[in-house]
Amino acid sequence: MGIIAFIIIGLIAGLIARAILPGKQSMGLLATTLLGMVGSLLGGLVGSLFTRDGRLFDLRPSGLIMSVVGAIVVLLIVGAVGRRRVHA
């Protein structure tokens with residue numbers, strides 16, 4: 001059940017991040033899910049720095065928020081790398 005929840009949270013976080021960030025992101029559903037999953041890992045790692053319980057992969061409301069923030073950061077990085085590659 002853990003991996004299914006991770007995929008669903010990744011999809012939700014990826015969709016929210018793409019909706020929040022302005023501009024056109026040309027990616028499909030699979031890429032959006034992967035974006036959210038990577039953002040969830042990044043957000044979870046950053047969020048674990050502020051907790052003392054040592055539980056990295058627990059499902060919490062703050063985890064979803066950090067997943068969206070992480071997905072936005074990943075989306076910004078991917079966008080910056082893509083723009084740099086197009087102009088070079």
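For the sequence shown, this note's numbering assigns the number 1 to the initial residue and increments by one for each residue that follows. Ideal Cβ positions, reconstructed from N, Cα and C, are used throughout, including at glycine.
Could you check if residue i is buried or exposed, using at least 16 other CB atoms within 10 Å of its CB as the buried criterion?
i	result
T33	buried
L91	The requested residue 91 is not part of the displayed model; the chain covers only 1 to 88.
I8	exposed
G2	exposed
G23	exposed
Tell me which same chain residues have a C-beta within less than 8 Å of the C-beta of residue i, skipping the five on either side of it?
i	result
I72	A17, I20, L21 and G39
Tell me which residues share the same chain as residue i and place their Cβ nearer than 6 Å to its Cβ, disregarding the 5 neighbours each side in the sequence.
i	result
T43	Reading the sequence as shown, one finds Gly at residue 43 and not Thr. Same-chain partners within the cutoff: M66, S67, V69 and G70.
I12	none
Thinking C-alpha only, which one of the options is nearest residue i?
i	options	result
L41	I4, V81 and G10	G10
L129	V46, G28, L29 and V78	Lying outside 1 to 88, the shown extent of the chain, residue 129 is not represented and no answer is given.
V74	S48, Q25, L49 and I4	Q25
M37	F6, G28, T51 and G82	F6
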